[in-house]
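>
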Amino acid sequence: MITNPTNGKFELLALPYAEDALAPVISVETIRFHHGKHLQAYVNNLNAALPGTPFENLSLEEVVVKSEGGVRNNAGQTLNHNLYFLQFSPKPAKTTPTGPLAAAIDRDFGSFEAFMTEFVQKGVSLFGSGWVWLAADDQGKLQITQEPNAGNPLQHGLHPLLTFDVWEHAYYLDYQNRRADQLKDLSKILDWTVIENRYQEVLK
Numbered sequence: 012m013i014t015n016p017t018n019g020k021f022e023l024l025a026l027p028y029a030e031d032a033l034a035p036v037i038s039v040e041t042i043r044f045h046h047g048k049h050l051q052a053y054v055n056n057l058n059a060a061l062p063g064t065p066f067e068n069l070s071l072e073e074v075v076v077k078s079e080g081g082v083r084n085n086a087g088q089t090l091n092h093n094l095y096f097l098q099f100s101p102k103p104a105k106t107t108p109t110g111p112l113a114a115a116i117d118r119d120f121g122s123f124e125a126f127m128t129e130f131v132q133k134g135v136s137l138f139g140s141g142w143v144w145l146a147a148d149d150q151g152k153l154q155i156t157q158e159p160n161a162g163n164p165l166q167h168g169l170h171p172l173l174t175f176d177v178w179e180h181a182y183y184l185d186y187q188n189r190r191a192d193q194l195k196d197l198s199k200i201l202d203w204t205v206i207e208n209r210y211q212e213v214l215k
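By my numbering, the letter at position 83 of the sequence shown is numbered 94, and the numbering carries on one by one without gaps.
#1: Measure the CB-CB distance between residue 177 and residue 145 and report whether it falls below 7 angstroms.
#2: Distance check for residue 50 and residue 57, CA to CA, integer angstroms please.
#3: Within 8 angstroms, do at least three Cβ pairs link the region 66-73 to the region 28-42?
#4: I need the boundaries of the beta strand (DSSP E) containing residue 170, first residue and last residue.
#5: Would you call the region 12-26 and the region 70-86 in contact, with 3 or more CB pairs under 8 angstroms?
#6: Output the residue ranges of the alpha helix (DSSP H) runs that lie fully inside the region 82-126 and measure 4 residues or longer, sorted by chain position.
#7: Which residue wins for smallest C-alpha separation from residue 113, given the options 17, 75 and 204?
#8: Over the uninterrupted alpha helix (DSSP H) stretch that includes residue 179, give me the two end residues.
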């Protein structure tokens, strides 16, 4: 996914589902705060920080990799949230992976169940705020990474495939301090077709 600015500015991601479509896993109230306020603020801050920098008119992915400080933080949070919101569906086409991605998960983690257990555990154990990712290298080998704050696997030369947000604003209205419960429930709305398509881009 390459996200280019429009007339020099990035725009708030349009959700491909209604605000209440992911309930009860993600409530309409959380969507309105998380997408409508938090993500909008990151987009606004990024657009305000870019003019006059070498990062104007670069893709969002390029800004994440090449910038530092506040520009990187806001670019990272914008990209991370875009990938996060686009991987969900109220009626996922696939609730488990198939094809090359399924084979890679079995190869690199032993089984899909073992992968999901490790993925959730890595999300629960990440101290403070950040993201847990399934990422692939250029050869398609998979790994789970824990990225604090606005971190993204792109910054390590990896390709982001799947992410769970462990900032409190992602779940506190619905789950309070029960981060583990929220991470487990996210799998119910995760559309593996989206993740498979991202993996296919890596393999091209």
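In this text, a Cβ means the ideal position worked out from N, Cα and C, and glycines have one as well.
Taking the definition as stated:
#1: Translated into positions along the sequence shown, residue 177 becomes position 166. Translated into positions along the sequence shown, residue 145 becomes position 134. No; because the gap between Cβ atoms is not below 7 angstroms, this pair is not in contact.
#2: Numbered from 1 along the sequence shown, position 46 holds the residue referred to as residue 57. Numbered from 1 along the sequence shown, position 39 holds the residue referred to as residue 50. Looking at the two C-alpha atoms, the distance is approximately 11 angstroms.
#3: No, the region 28-42 is not in contact with the region 66-73.
#4: Along the sequence shown, read from residue 1 onward, the residue named residue 170 stands at position 159. Residues 170-176.
#5: Short answer: they touch.
#6: Here the runs fully enclosed are 110-120.
#7: Walking along the sequence shown from the start, residue 113 turns up at place 102. Comparing Cα-Cα distances from residue 113 to each of 17, 75 and 204, the minimum goes to 204.
#8: In the sequence shown, the residue the question calls residue 179 occupies position 168. For residue 179, no alpha helix (DSSP H) encloses it, and the DSSP letter there is neither H nor E.
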